[in-house]
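So the sequence lines, in the order shown, correspond to chains A and B.
With the working numbering, letter number 72 in the first sequence gets 84, and the count goes up by one each step, no holes.
With the working numbering, letter number 180 in the second sequence gets 192, and the count goes up by one each step, no holes.
There are 2 protein chains.
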Amino acid sequence: MTKQQAALADGSPGVVYRGIVDGLYRGRYVPGQRLVEADLTRDFDVGRGSVREALSRLAAEGLISMSLHRSAIIRSMSRVEVRDLVALLEVLNGFAARLAADRIEEGANRKLIDDACATLLDAEVQRDFLHFARARNAFYKTMVAIGGNHELARIMPRTNVDLLRVQFRAYQTVDEGVRIGDYRAIYDAIAEGVGRKAEAAAKTHIRRLGDAIDRLPDAAFAG
Amino acid sequence: MTKQQAALADGSPGVVYRGIVDGLYRGRYVPGQRLVEADLTRDFDVGRGSVREALSRLAAEGLISMSLHRSAIIRSMSRVEVRDLVALLEVLNGFAARLAADRIEEGANRKLIDDACATLLDAEVQRDFLHFARARNAFYKTMVAIGGNHELARIMPRTNVDLLRVQFRAYQTVDEGVRIGDYRAIYDAIAEGVGRKAEAAAKTHIRRLGDAIDRLPDAAFAG
DNA sequence: TATTTAGAAATTGTCGGACAATTTCTCCGT
DNA sequence: ACGGAGAAATTGTCCGACAATTTCTAAATA
């Protein structure tokens, strides 16, 4: 029954898909790990077809890599790939922040971002990776939603942000070098309603993130 | 045998996937059309599982929309969706053009973009939608490749550009209001190696495209 | 005639089994 | 320790089946 309902919510593939993403954040799966279809079939108690569909969704979003006749594996990014991703995120997040600032007065937007920011700042003081990661994702999601560009909202999850988070979870220095004040600055600029300023704040933040990552040892990267 | 080889090239799902994208450009499939799994199974002579996998890939890239227990249908965008997409493409293409200009001197990059541009300008004088569409896609693809950002290259196909092309294929005004000189300007800026200029040229082009689309009648849009 | 509605048909969601193709593992001889 | 042949594991793909749901059809009703 429970399984039936969960499945109907958005299908067995969705269950597997979310299970794996969640498992990633929880550390159940780590970069480089093989994902054997038979195991997943057993773990999630669904047919192989559904597992396959979930895997191809994950591959489409870049979380895993698949090649013919080889097991899917959780991707881990090289230095170059990370640099590329950060550069892209700078552009995308800058765009998102600008849109959000420009539309801060519409509807309940101001309240939405207020709440998301409060939750984020609150989560910041705690030391729970999972809790903070959720709050941060929610903050960005809200920012994008307020911006009101549906295509941006569709594209954002297709970037490899999740992979980025997970790959460097062990290195607190990344987050710590970035956290203090950055999110606050982005929020302030958005609340102020000045698009250009919000874009700059978001870009600065991402650039600082990139710098922190650059200082990481080779062991943190693939290949 | 032939089928076997094609399948092994990158799998049956890939055959179906490419077949549908190609069919879109050829007009075999039009926005709003239902894609019934059984039909595709027959048309492409593959199992339903493979059809399903191809469909979910197409859905991930936004070309079709799927909801539970309902046939997949070729998406067609509303005015708002198109506006959002154009805004996103402006940012993305601007970024791509800037990167390309900055790396024009590396390797064989200059020759690559030279060739792609020549092919594009040549295709422009002809009046063959398919031929021109291919050349344009190749040009953009080259531009992105030269830029060297793999994440951008991964994301670009996930935008709904294909849908955009197809949806307005009947309205030459869109292309005509844009073509003359625009691609040339982008190319020149890239060849000059000035990132900022290339970004501006690309953005101007997309903005002009958006303006042309704005002038289209309601009949060209969904919903 | 237009509208509603019950039943039939079509379609999707999912599972299990099957088998070939390929990769990965294991063990043996050198 | 090393390389290679055979065994085991794993993926790629198809087929058939059946429940859940939507879509179509045609009769019943206002």
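The beta carbon of each residue, even a glycine, is placed where N, CA and C say it ideally should be.
- In the structure shown, ALA84 of chain B adopts extended strand secondary structure according to DSSP, grouped into three states.
- A distance below 8 Å separates the beta carbons of VAL178 of chain B and LEU36 of chain B.
- Identification of residues in the segment 42 to 72 of chain B having a C-beta nearer than 8 Å to some C-beta of chain A yields GLY61, ARG64, GLU65, SER68, ARG69 and ALA72, given in sequence order.
- By alpha-carbon distance to ALA147 of chain B, the top candidate from B:ILE158, B:ARG95, B:LEU133 and B:GLY160 is B:LEU133.
- Distance from the CA of VAL98 of chain A to the CA of ARG46 of chain A, rounded to the nearest whole angstrom, comes to 26 Å.
- The bridge partners DSSP lists for ILE76 of chain B are B:ILE86.
- For the pair GLY59 of chain A and THR53 of chain A, the Cα-to-Cα distance works out to about 6 Å.
- Runs of alpha helix (DSSP H) with 4 or more residues, each lying fully within the segment 146 to 212 of chain B, are found at 162 to 167, 173 to 179 and 184 to 204, listed in chain order.
- A straight-line Cα-Cα distance of about 11 Å links GLY235 of chain A and ARG87 of chain A.
- Going by C-alpha positions, ASN161 of chain A is about 28 Å away from GLU65 of chain B.
- Excluding the 5 residues flanking it on each side, PHE233 of chain A has same chain C-beta neighbours closer than 6 Å at SER90 and ARG91, in chain order.
- When B:SER62, B:MET78 and B:ALA109 are compared, the shortest CA-CA separation from GLY207 of chain B is found for B:ALA109.
- Considering only beta carbons, the part of the segment 154 to 184 of chain B lying closer than 9 Å to chain A consists of GLY160, ASN161, HIS162, GLU163, LEU164, ALA165, ARG166, ILE167, ARG170, THR171 and ASN172, in chain order.
- Looking at A:ARG82, A:SER79 and A:SER24, the one whose alpha-carbon comes closest to that of PHE56 of chain A is A:SER24.
- Taking a beta-carbon distance threshold of 8 Å, GLU211 of chain A does not count as an interface residue toward chain B.
- Annotated as proximal: GLY74 of chain B and LEU175 of chain B, with beta-carbon spacing under 8 Å.
- Distance from the Cα of GLY205 of chain A is smallest, within the candidate group A:LEU111, A:ARG220 and A:GLU93, for A:LEU111.
- Shown here is that no member of the segment 25 to 37 of chain B has a Cβ falling below 7 Å from a Cβ of chain A.
- Looking at the DSSP output, ARG46 of chain B shares a beta bridge with B:ILE85.
- Taking a Cβ-Cβ threshold of 8 Å, the residues of chain B close to LEU100 of chain A are PHE107, ASN161, GLU163, LEU164 and ILE167, in chain order.
- Judged by DSSP secondary structure, ARG91 of chain B falls within the alpha helix (DSSP H) whose first and last residues are 91 to 114.
- Nearest in C-alpha terms to ASN149 of chain A, of all of A:GLU163, A:LEU164, A:ALA128 and A:ILE167, is A:ALA128.
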